[in-house]
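First up is the structure itself, then whatever we jot down about it.
Number of protein chains: 4
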Amino acid sequence: MILRDPVHGLVAFERPEEQVVPALMDTPEVQRLRRIRALGVASLAFPGAEHSRFAHAVGAAHVMVRFLARVAPMARALGADQSLRPSDASDALAAALVHDLGHGPLSHLFEDVFPNARAHELWTSDLVLDPDTQVHRVLRAIDDDMPARVERLVHGVHPVTYLARAVSGTFDVDRCDYLLRDSYMSGVRYGLYDLDWLLRSLRLAPGPRGFSLAIDGSRGLPAVEGYFLARMFMYQQVYFHKATRAAEVMIRAVFARVADLVRDGVPIFGTSPALLAMARGDVVSTGTYLAMDDNTLWAALDQWSTSTDAVLSNLARRVIVRALFKTASLDDADPALDDERLSAVQNIVRAHGFDPRYHAFLDVAEVYPYERSPDISEVLHVVDDRRPPRPLESASFLIGRLHGAPFVRRRLVFPPEVRDKVLAILSP
Amino acid sequence: MILRDPVHGLVAFERPEEQVVPALMDTPEVQRLRRIRALGVASLAFPGAEHSRFAHAVGAAHVMVRFLARVAPMARALGADQSLRPSDASDALAAALVHDLGHGPLSHLFEDVFPNARAHELWTSDLVLDPDTQVHRVLRAIDDDMPARVERLVHGVHPVTYLARAVSGTFDVDRCDYLLRDSYMSGVRYGLYDLDWLLRSLRLAPGPRGFSLAIDGSRGLPAVEGYFLARMFMYQQVYFHKATRAAEVMIRAVFARVADLVRDGVPIFGTSPALLAMARGDVVSTGTYLAMDDNTLWAALDQWSTSTDAVLSNLARRVIVRALFKTASLDDADPALDDERLSAVQNIVRAHGFDPRYHAFLDVAEVYPYERSPDISEVLHVVDDRRPPRPLESASFLIGRLHGAPFVRRRLVFPPEVRDKVLAILSP
Amino acid sequence: MILRDPVHGLVAFERPEEQVVPALMDTPEVQRLRRIRALGVASLAFPGAEHSRFAHAVGAAHVMVRFLARVAPMARALGADQSLRPSDASDALAAALVHDLGHGPLSHLFEDVFPNARAHELWTSDLVLDPDTQVHRVLRAIDDDMPARVERLVHGVHPVTYLARAVSGTFDVDRCDYLLRDSYMSGVRYGLYDLDWLLRSLRLAPGPRGFSLAIDGSRGLPAVEGYFLARMFMYQQVYFHKATRAAEVMIRAVFARVADLVRDGVPIFGTSPALLAMARGDVVSTGTYLAMDDNTLWAALDQWSTSTDAVLSNLARRVIVRALFKTASLDDADPALDDERLSAVQNIVRAHGFDPRYHAFLDVAEVYPYERSPDISEVLHVVDDRRPPRPLESASFLIGRLHGAPFVRRRLVFPPEVRDKVLAILSP
Amino acid sequence: MILRDPVHGLVAFERPEEQVVPALMDTPEVQRLRRIRALGVASLAFPGAEHSRFAHAVGAAHVMVRFLARVAPMARALGADQSLRPSDASDALAAALVHDLGHGPLSHLFEDVFPNARAHELWTSDLVLDPDTQVHRVLRAIDDDMPARVERLVHGVHPVTYLARAVSGTFDVDRCDYLLRDSYMSGVRYGLYDLDWLLRSLRLAPGPRGFSLAIDGSRGLPAVEGYFLARMFMYQQVYFHKATRAAEVMIRAVFARVADLVRDGVPIFGTSPALLAMARGDVVSTGTYLAMDDNTLWAALDQWSTSTDAVLSNLARRVIVRALFKTASLDDADPALDDERLSAVQNIVRAHGFDPRYHAFLDVAEVYPYERSPDISEVLHVVDDRRPPRPLESASFLIGRLHGAPFVRRRLVFPPEVRDKVLAILSP
């Protein structure tokens with residue numbers, strides 16, 4: 207199988223141990239990822255960012271092919287017992303492809319809204335382990351234990367430590383692909399770090415739990431610095447963009463209203479059984495879960511926009527025509543006053559006739575430019591010929607200056623109708 | 207309004223005459239284009255090609271901004287009576303943004319399937335002229351006559367000839383954007399012609415119906431040659447790709463089956479009223495038409511994949527899990543034998559238990575690398591200081607060699623189950 | 207050795223058989239190529255095109271690394287006797303790096319001016335075979351026969367046919383690198399064909415003289431078409447650019463004047479012994495030849511610009527301050543009249559006080575978009591599973607339309623002082 | 207005049223006030239910049255980095271065109287008295303083009319070696335003010351006062367403050383071009399900041415000395431952060447690269463030896479009068495100074511490599527065949543020990559028979575990621591609608607973390623022959 211990809215160019219899965227990728231690609235569970243946008247509602251702010259989790263999953267598998275091509279010879283050089291077996295490679299490729307399988311509609315948005323909702327990682331586990339999914343069958347047809355191994359590997363657990371870290375860790379293939387892809391598609395070029403050089407800079411270094419990934423200190427620092435800065439820029443520019451965050455707040459408000467109505471026994475016309483079950487907090491089957499994707503969600507929004515519940519219909523309609531809530535930055539303000547300000551905004555929207563539960567929010571977004579792992583065995587080290595391994599933050603001037611404190615965006619979010627009143631309370 | 211775009215970089219609509227673009231962007235009719243993929247099912251072959259008609263519409267409006275910035279000073283230099291008025295610019299920008307408004311689900315696929323289906327261009331006219339659409343209201347709020355002017359301009363009719371051609375012609379902003387965008391997103395780099403140089407190469411030349419677009423012969427030939435070659439490559443590589451074409455054939459087969467069932471009075475569970483109306487060949491309202499997008503179509507395919515009609519459920523399921531029909535090229539074969547071969551394939555599929563109406567096809571795709579317009583007033587001319595205007599095919603070595611004959615792809619399309627039997631009849 | 211390259215990104219020579227490349231790179235003969243610009247005087251028209259033959263040589267060696275990585279597994283699959291030995295790889299890499307070693311100042315310009323001047327290919331042979339060069343010593347230190355093998359391989363002669371073609375043939379690594387590099391550096395993006403896909407499309411096909419390079423018909427046609435179109439565009443745009451050609455004509459006129467003065471016994475102050483020897487038509491040693499590079503040539507032009515010979519000083523000064531001769535295209539004129547027109551221009555310049563030998567020229571540049579090799583064993587074939595091999599021009603629509611006729615540019619070249627008079631004789 | 211440029215794409219100087227650029231480009235003083243590489247010896251480490259100061263000068267003028275297009279409407283909006291006059295634009299364009307006119311061979315290397323050598327900026331002033339240069343004549347032909355105005359502007363002095371800063375300041379067009387160009391050519395992509403967005407982010411803000419350049423706080427922070435990080439990366443990766451620095455140390459050693467020999471009255475065969483005069487510390491004329499470029503320097507190195515002075519010939523030969531000195535990093539060592547370590551290395555090289563004056567060095571390179579100007583009127587401010595202007599380091603998370611401390615590289619530099627001995631003294 208050879209594909210073209212806007213991010214990576216030529217993408218090929220040609221070796222025997224790579225054949226698990228095309229086999230998995232044609233399962234309905236993986237094809238479903240075509241109908242889930244990787245960046246959720248960010249395309250409301252960045253019209254180009256319409257790529258799906260499917261394109262990202264294929265990209266992650268491709269980065270894993272490149273990772274294995276780079277690391278396998280280094281592993282062989284460490285001795286026969288450290289060599290990667292073909293089944294290790296297949297496990298890693300399968301895990302790279304299915305790592306996002308459990309995502310619900312609009313990616314991350316879905317899982318933190320409904321009562322009893324489960325993290326997408328748990329759904330991924332279920333889908334890999336459920337003997338009724340095609341993904342499970344494809345893996346089991348290769349090896350009875352493969353579903354269980356792949357499920358563990360998706361969660362970063364594998365006897366070969368550095369392989370586990372390549373699936374789930376600081377430089378995992380997931381991040382490596384999504385930073386490039388989100389950057390490329392959003393048109394925000396700051397995320398385009400140098401993947402070639404980063405892969406070339408990887409080393410295997412002995413650690414407390416076998417060999418782990420490290421960075422070549424003689425050439426690799428700029429690549430790894432560029433990677434973390436790219437990540438930082440993408441958070442600043444795209445993931446924390448005010449329109450993205452406002453849209454996310456609104457979608458959550460819609461879901462919250464739906465859940466509240468369901469809880470109160472109010473019928474909501476046109477809502478699919480799967481969504482209703484989620485809204486009730488029921489346990490749902492994998493089949494029911496899989497029936498939900500971005501399409502069903504947008505169809506539901508369409509229906510909800512004509513609901514007899516005025517709050518729901520109004521919120522849904524705003525999302526559909528991209529009439530987004532406004533934001534006011536609190537970044538220069540004292541955090542101790544945040545709650546007080548949120549209360550003030552709640553009062554303003556209430557006075558304007560809006561229900562503050564769905565129309566006034568304090569949105570806090572936070573990311574660390576570089577986080578040293580608390581687990582000593584996972585700290586990223588820089589190695590070279592002449593010196594003992596050094597933690598990245600000691601070896602790199604840039605990371606040394608940037609690590610240890612988070613980048614934070616605090617914002618009030620509210621309907622445009624009350625914008626002037628909200629700005630007034632923020633003026634000195 | 208300033209946006210980032212993966213194709214054009216920074217996209218801004220800042221001048222007064224450009225404000226029609228952001229105003230139109232926030233209408234539900236234009237927002238609906240977010241839910242229609244520009245390349246229909248081509249993302250089954252090119253996973254990155256998931257961009258929507260919305261992103262393309264904004265790109266086309268951006269190219270129009272650049273076109274106007276280039277051409278307006280040339281027009282002024284021709285005399286006050288040739289100058290573009292601000293309302294001309296607004297008309298052109300609005301037409302660029304809404305030119306695709308009438309597209310149904312999966313873009314071009316939709317309109318050639320159902321009985322009495324109308325071309326998307328007619329729907330665009332309806333949507334612009336219908337006083338109930340937000341698009342209409344936005345235009346009329348600027349000027350009572352604007353909806354009518356924009357509707358005509360979308361069809362290439364305008365007193366300023368070269369403006370009409372920029373909306374609908376050889377180098378229209380639609381093509382200028384989609385070639386770049388489809389190329390960028392599919393990862394097929396052959397479509398990346400040099401837009402900067404092409405715009406710089408434009409000239410206004412006197413013609414039988416006022417000034418028309420022409421090419422600067424001293425510098426512009428490579429840009430225009432590159433443009434036509436880019437188009438040619440995109441047809442060869444993407445639009446005529448065997449997987450793209452096979453998927454299109456399958457979608458049409460699904461629709462045909464639905465239409466046949468509806469005609470025969472067979473109930474089809476889960477089909478939306480709008481789709482049913484289309485399948486019956488009913489006249490549908492603009493509101494009903496607008497209710498259909500890629501989401502509703504994929505939701506319908508999902509439903510159809512569990513239909514009690516075995517033909518429909520089987521076809522729908524294949525589309526959903528990307529189990530595409532196979533193709534066999536007839537490009538080296540005598541076209542006179544095509545019908546005979548299609549019959550042979552129909553017999554093969556019938557013998558295999560398939561209904562040949564939905565499982566055996568002859569697919570012919572054809573494009574001219576360069577077509578000289580039959581209308582003398584629209585022939586593209588090359589102009590320079592020293593010589594009389596020459597038609598492009600005379601001035602350009604490459605176009606001179608390439609024009610006049612079509613590039614053709616003829617293929618048999620059939621289920622993979624009969625692949626060996628079909629290839630057997632094609633062997634010498 | 208790992209390098210960064212603007213064209214290829216990360217360039218590495220890390221395997222044992224690749225170590226010949228860094229060893230050769232540090233010889234004075236290869237380092238000298240840093241002082242010879244790849245495109246000669248083209249940077250007068252394209253200011254960015256200042257790259258050296260050294261950067262190109264490294265790029266060609268890098269493309270050979272990639273070629274070997276692609277072809278070696280295919281060769282192994284054909285049987286042990288077809289496998290590439292490490293020494294074959296080293297030969298090929300060395301040949302790729304040194305293929306241009308014999309270039310004189312300003313690349314191609316130098317060799318067709320002086321009496322008895324030898325083609326740069328002959329100088330390359332001399333430099334590889336001369337036991338006093340470091341290049342020779344580096345090769346002989348690996349294997350006594352290596353200098354002789356590399357010398358033959360540079361000329362396309364090697365027992366492994368496809369390896370010979372990769373050094374000197376339709377897709378040789380020389381062309382593969384220079385098209386990309388010249389395109390990238392000149393800013394003329396039309397030359398950026400898809401090298402990844404081209405390499406991926408290569409096949410080995412049995413032929414009359416062992417296996418030869420062929421193209422995969424199922425995927426490779428666009429890559430090879432793009433390659434030939436890129437080449438065509440680079441000729442049209444850069445190599446045949448009117449300013450490039452005018453500057454070349456002027457440099458040749460300078461050399462011709464120097465040679466004429468030398469022949470007449472006129473002393474020319476400031477001319478290096480090496481240049482004087484060349485101008486006299488003497489046989490020069492490799493050491494003397496190597497002493498000449500772009501620097502010595504520009505230093506000579508500087509000196510000549512203050513010569514007491516008015517013709518020489520005037521011509522040299524024009525080159526130095528880029529006061530280029532003008533050109534008038536004859537592309538629309540009857541070639542039968544070319545000589546007559548040249549005579550007319552000679553009369554015009556003579557009447558203006560210029561010596562026509564150095565101030566009036568007919569410049570004819572010609573290239574075929576695709577040339578089928580007259581040697582049947584070298585014709586490029588397209589292969590696939592289902593059909594017998596087909597010559598490229600039969601398999602490809604584009605090449606089928608473009609091959610067989612040359613692209614020609616005919617121009618009169620003359621000093622700007624006579625421009626109006628020359629244009630007058632060309633007017634109808 | 208329209209050009210293609212690898213960095214900026216299409217470069218055009220078409221308006222009347224821009225005509226000073228093509229006029230200056232064809233002067234011998236500007237054409238000489240073609241023979242001076244922008245990055246000096248960095249191409250020994252980055253083979254692609256062979257671009258000249260000429261290409262950079264044209265690029266800087268192009269950035270000025272774009273700067274003026276962006277700033278002129280903002281200036282007009284501030285009132286008629288703040289509008290830029292055409293002569294202001296011409297001054298700025300001329301200053302952008304000639305800002306580097308005074309560079310000697312190998313750019314920055316030349317000026318800090320010879321006794322009494324003058325900074326290139328002073329030579330630029332001389333060349334602009336000297337009535338015998340063509341540059342002076344071109345400027346004076348436009349306006350008698352233009353040479354004086356342009357000379358002052360090159361030094362950042364002009365009544366329009368923000369114009370002065372655009373020629374010489376934090377974001378001057380010089381830096382804007384060279385960061386992109388050096389990055390593009392070296393293949394080190396980290397320098398590719400977003401120029402489009404940076405220009406779009408510029409604002410004019412009132413200050414103590416008229417309006418000065420500021421940054422739009424609502425959109426511009428990432429662009430300006432990206433710019434400073436790009437600069438930081440280029441220093442780390444290219445300008446401070448160990449091979450670049452080692453080569454610079456060696457060239458300085460060669461010059462020092464030449465100067466010492468000249469001072470001692472030792473004749474040096476083959477050295478041009480201009481170089482000899484510089485080595486003697488004589489005052490040289492502009493004509494003599496202009497006679498020196500990279501060509502004359504490499505020709506001198508060639509001659510010196512055969513000198514009878516063993517130190518000179520040995521050093522020159524090493525440079526020519528790129529047999530560079532080695533470096534040992536002191537970055538982890540206590541700076542207080544640097545002098546002691548340099549002494550130790552001097553002893554080692556002396557013991558090895560080398561003269562330590564030319565063979566043992568402590569090389570210290572230092573750059574600040576962001577320097578707040580000590581002059582309050584030049585501090586870069588961030589402005590938006592809602593808050594008072596804030597200094598960049600307060601408004602930006604990244605700059606806030608990075609500013610205030612320098613990035614430093616300290617290295618010992620010595621011949622490869624003593625490498626093991628030097629490393630031994632550095633081991634713990």
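Residue numbers (our numbering), protein chains in the order written: chain A, 207 to 634; chain B, 207 to 634; chain C, 207 to 634; chain D, 207 to 634.
Cβ atoms here follow ideal geometry from the backbone N, Cα and C, with glycine treated the same way.
| Check | Outcome |
| --- | --- |
| Cβ separation of residue 224(C) and residue 299(C), assumed to be a contact under 8 Å, to the nearest whole Å | 6 Å |
| Cβ-based contacts, 8 Å cut-off: residues of the segment 502 to 534 of chain B near chain A | 502, 504, 505, 508, 526, 527, 528, 529 |
| Identity of the residues DSSP links to residue 572(D) by a beta bridge | 614(D) |
| Residue from 530(B), 614(B), 468(B), 408(B) whose Cα sits closest to the Cα of residue 455(B) | 530(B) |
| Terminal residues of the alpha helix (DSSP H) in which residue 228(B) lies | 226 to 231 |
| Residue interval of the alpha helix (DSSP H) (run including residue 234(D)) | 234 to 237 |
| According to DSSP, residues forming a beta bridge with residue 587(D) | 420(D), 597(D) |
| Proximity below 8 Å, CB of residue 210(A) to CB of residue 252(B) | yes |
| Below-8 Å beta-carbon distance, residue 406(A) vs any chain C residue | yes |
| Whole-angstrom C-beta distance between residue 619(A) and residue 569(A), which should lie under 8 Å | 5 Å |
| Beta-carbon proximity list for residue 631(C), same chain, < 6 Å, skipping 5 on both sides | 550 |
| C-alpha gap between residue 536(B) and residue 628(B), whole angstroms | 12 Å |
| Neighbourhood of residue 612(C) by C-beta distance below 7 Å, restricted to the same chain and skipping five residues each side | 572, 573, 574 |
| Any C-beta of chain D under 8 Å from that of residue 386(C) | no |
| Chain B within 8 Å of residue 359(C), Cβ atoms only | no |
| Which listed residue (441(D), 594(D), 411(D)) has its alpha carbon closest to that of residue 197(A) | No statement about residue 197(A) is possible, as the shown extent of chain A runs from 207 to 634 and does not include it. |
| Segments assigned beta strand (DSSP E), at least 3 residues, entirely inside the segment 361 to 426 of chain A | 408 to 413, 416 to 422 |
| Distance cut-off 7 Å: residue 384(D) Cβ against heavy atoms of the ligand FAD | Among the ligands in the structure shown, none appear at all, so the ligand FAD cannot be discussed. |
| Enclosing alpha helix (DSSP H) for residue 277(A) [first to last residue] | 259 to 283 |
| Meets three-Cβ-pair contact criterion under 8 Å: the segment 377 to 389 of chain B and the segment 267 to 275 of chain B | yes |
| Residue-chain proximity (residue 254(A), chain B), Cβ-Cβ < 8 Å | yes |
| Contacts around residue 397(D), its chain only, beta-carbon distance under 7 Å, and the 5 residues preceding and following it disregarded | 385, 386, 388, 389, 436, 439, 440 |
| Amino acids of chain A, ordered along the chain, whose beta-carbon sits closer than 7 Å to that of residue 284(C) | Residues of chain A passing the Cβ test: none, with the nearest at roughly 18 Å. |
| Partners in chain C for residue 208(A), counting only beta-carbon separations shorter than 8 Å | 406, 425 |
| Cutoff 8 Å: residue 586(B) Cβ touching any chain C Cβ | no |
| Within 8 Å, strictly: CB atoms of residue 308(B) and residue 328(B) | yes |
| Interface partners of residue 216(B) on chain D, CB under 7 Å | 402, 403, 406 |
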